[in-house]
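Below: the structure, in structure tokens.
In UniProt numbering, the protein residues as written are 1 to 336.
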């Protein structure tokens, strides 16, 4: 089964930015963001860090982290096209006693960007002994970690805009894709969200940018005001969420996340969202955008969903310049 992300974790993967990626024009800024994330993660659990320049990355972190935090990092020298570990990382299944690490095909969100190096990161990690279980090859099927959410009880959420998008798994039909997900992820049902695509998003509508699952059958989701261009679509998404029922035929507990004020880069709207948060064992990393009222409101809603965890704000303004956010940069590995 694919556990919920709030299940106990043994660690988080980050794939470090470098000059050979699209981060090059603002490498210093994004590196600061990664250091901040590494600091938060290593205070909570182990960090599995992928970098083509391990000695340089380690030297940098030695200046920024404590000895105890550094001891919580395992480094792997592996090259990459980019840094989106959520989408090129292994998806872990467990039965409670053993783990299976599923290596799906990553093809740059439908062949939009270079992806060949990222597609073999999981295989390279396996070759370096990173996994404590069987690694299964599913590279005949395109599936990005950001495109699915699990409640840990057999329900998988996804979006039709992403999984049915061009250059993913055509000519497979929706029914065939659903059957593959059910079989491969040992799921009971697939919930398809039909609305809620962010402007500026390169992923064709990943679920982790719009709707996220939380304990006690809670759904956190973004909702824009009527003056925003997203309003009609996200209102339709909210109506769909209100109509959904759990496997026990109960309504979900719904928590709205605010919508950040529009942020632009060279006239292009960036996909700023508070839904792209990262769940750790004892904390939640919330993307912030230097918008005090909305940032605070988002953190307050996350605290309601995760009352036992500390909510930590991480400035995501540099991350969204490459059209992703914090959750997109990470992949969790559950504790067995």
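We put the CB at the ideal spot given by N, CA and C, even for glycine.
A distance below 8 Å between beta-carbons, with the five flanking residues on each side excluded, links residue 191 to the following residues of its chain, in chain order: 155, 156, 157, 158 and 244.
By DSSP's assignment, residue 138 forms a beta bridge with 104. Residue 290 places its beta carbon 7 Å or farther from that of residue 258. Judged by DSSP in its simplified three-state form, residue 306 adopts coil rather than helix or strand.
The beta carbon of residue 134 sits closer than 6 Å to the beta carbons of 100 from its chain, once the five residues preceding and following it are set aside; these are given in chain order.
Using a C-beta cut-off of 8 Å, the segment 118 to 132 makes contact with the segment 94 to 110, since at least three inter-stretch Cβ pairs fall below that distance. Residue 128 is classed as exposed because its beta carbon has fewer than 16 other beta carbons within 10 Å across all chains shown. The Cβ atoms of residue 11 and residue 62 do not sit closer than 7 Å to each other. Counting every other CB atom within 10 Å of its CB across the protein chains shown gives residue 266 a total below 16, marking it as exposed. Every unbroken stretch of the alpha helix (DSSP H) spanning 4 or more residues and falling wholly within the segment 51 to 102 is given here in chain order: 54 to 62, 67 to 70 and 85 to 88.
Taken through DSSP and simplified to helix, strand or coil, residue 43 comes out as coil.
The alpha-carbon of residue 28 is positioned some 35 Å away from that of residue 141.
If you look at residue 11, you'll find it in the beta strand (DSSP E) that goes 9 to 15.
In the displayed model, residue 172 falls within coil according to three-state DSSP, outside both helix and strand.
Leaving aside the five residues that flank residue 231 on each side, the residues in its chain whose CB is nearer than 8 Å to its CB run, in chain order, 224 and 225.
Note on geometry: alpha-carbon atoms of residue 78 and residue 30 lie some 19 Å from one another.
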